[in-house]
Amino acid sequence: MMRRVLLAANWKMFKTVPAALAFGRELLRRYDADAYSAIDVMIFPTALALWPLSQRFAGSPIQIGAQNLDLGTEGAMTGALSGYLLREAGAEYVLVGHSERRQHFGEGDELVAAKVQAAISAHLHPILCVGETAEEREREETLAVMHRQIGAVLQGLATYDAIKLTVAYEPVWAIGSGKVPTARDANGVAAAIRHQFSEQFSSEVADSIRILYGGSVSPKNIREFAEAPDIDGALVGGASLDVETMVAMMESLVHQEGENGG
Ligand code: PGA
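For what it's worth, the working numbering labels the leading residue of the sequence shown as 3, then goes sequentially.
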């Protein structure tokens, strides 16, 4: 099955609203609709920039997502942002369970699973982030950790909801560190994740799910990861903050597409 390649830019707690808009203007100016038609480009700005940036990208193929969501729809929940509010602010996707949320905000598997359900109820496409720590990797627990993190989410998910998921495999030790696994190792983990979907649902579901690699992705290495058979794109932090490097990564993916026979 041909899955479209996805390039997702996670801006984390960076960029003011004006800076996000300036990036958006420049990206649109550089966006070559014909050349980039084979890839999906998605930006995950701060929640503050969702609405203005979605207005800026209106009518273009560039999509917008949120970095996190809270449970519920509307209510007395000071400081919280529900999937419904994010969706109405222009988000179509949402990251769930990013390792920084797990680490700094105490999000465990159960909450992550509830957030995936909440995202789907709000008609958002969840990008479920999973990954092992350096210690877990040392102990050769990578696959067991993936199985646990993904199992918690898949349990209780209907097939028609499972196909709405994207998974981002992001080894915690690779995020922002400049260290990366080999594309072969990352592909092995992606293949194991796909296998878990096929066991829980079906091989059709497993084949249709997009699995991204994330962690120190750059214009230099993105192509190698995206060429791996079970990897369908990248979730990029640091390298996505600069429009030049963002365009360089898009170029790299496009050339990969062309060379594969398109
Ligand atoms: P990085 O972050 O590309 O800066 O390593 C990736 C992520 O956290 O999604």
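C-beta: ideal position from N, C-alpha, C; glycine also.
Item                                                                                                                                                                              : Value
Could you name the residues that DSSP lists as bridge partners for Asp42?                                                                                                         : Leu8
Helix, strand or coil: which one does DSSP assign to Gly264?                                                                                                                      : Legend: pLDDT at Gly264 = 38, less than 50; position of this residue unreliable, no value from coordinates given.
Three Cβ pairs or more, each shorter than 8 angstroms: is that satisfied between the segment 221-230 and the segment 198-211?                                                     : no
Whose C-alpha, out of Leu50, Gly74, Arg32, is nearest the C-alpha of Ser62?                                                                                                       : Arg32
Which ranges does the beta strand (DSSP E) cover as unbroken runs of at least 3 residues, wholly within the segment 63-132, from first to last along the chain?                   : 65-68, 95-98, 127-132
Confirm the yes/no value for this check: CB of Ile177, any heavy atom of ligand 1, distance under 7 angstroms.                                                                    : yes
Apply the 10 Å Cβ neighbour rule to Leu237 and answer buried if 16 or more other Cβ atoms are within range, or exposed otherwise.                                                 : buried
Looking only at DSSP bridge pairs, what is Ile213 linked to?                                                                                                                      : Val169
If you draw a straight line from the C-alpha of Glu246 to the C-alpha of Phe227, how long is it?                                                                                  : 20 angstroms
Helix or strand or just coil, what does DSSP make of Ala37?                                                                                                                       : coil
Taking only heavy atoms of ligand 1 into account, decide whether any of them is closer than 7 angstroms to the Cβ of Leu237.                                                      : yes
With 16 other CB atoms within 10 Å as the buried threshold, where does Asn262 fall?                                                                                               : The pLDDT assigned to Asn262 is 47, lower than 50, so where the model puts this residue is not dependable; a value taken from the coordinates is nonetheless given after this. So Asn262 counts as exposed.
Which same chain residues, not among the five before or five after Ala10, have their C-beta less than 6 angstroms away from its C-beta?                                           : Met44, Leu237
Excluding the five sequence neighbours on either side, which residues of its own chain have a C-beta within less than 6 angstroms of the C-beta of Leu145, listed in chain order? : Ala194
Quick check on this structure: which residue in Arg103, Glu229, Met4, Leu55 has the alpha carbon closest to the alpha carbon of Ala91?                                            : Leu55
Between Val169 and Leu130, how many whole angstroms is the CB-CB distance? I'm expecting something under 8 angstroms.                                                             : 5 angstroms
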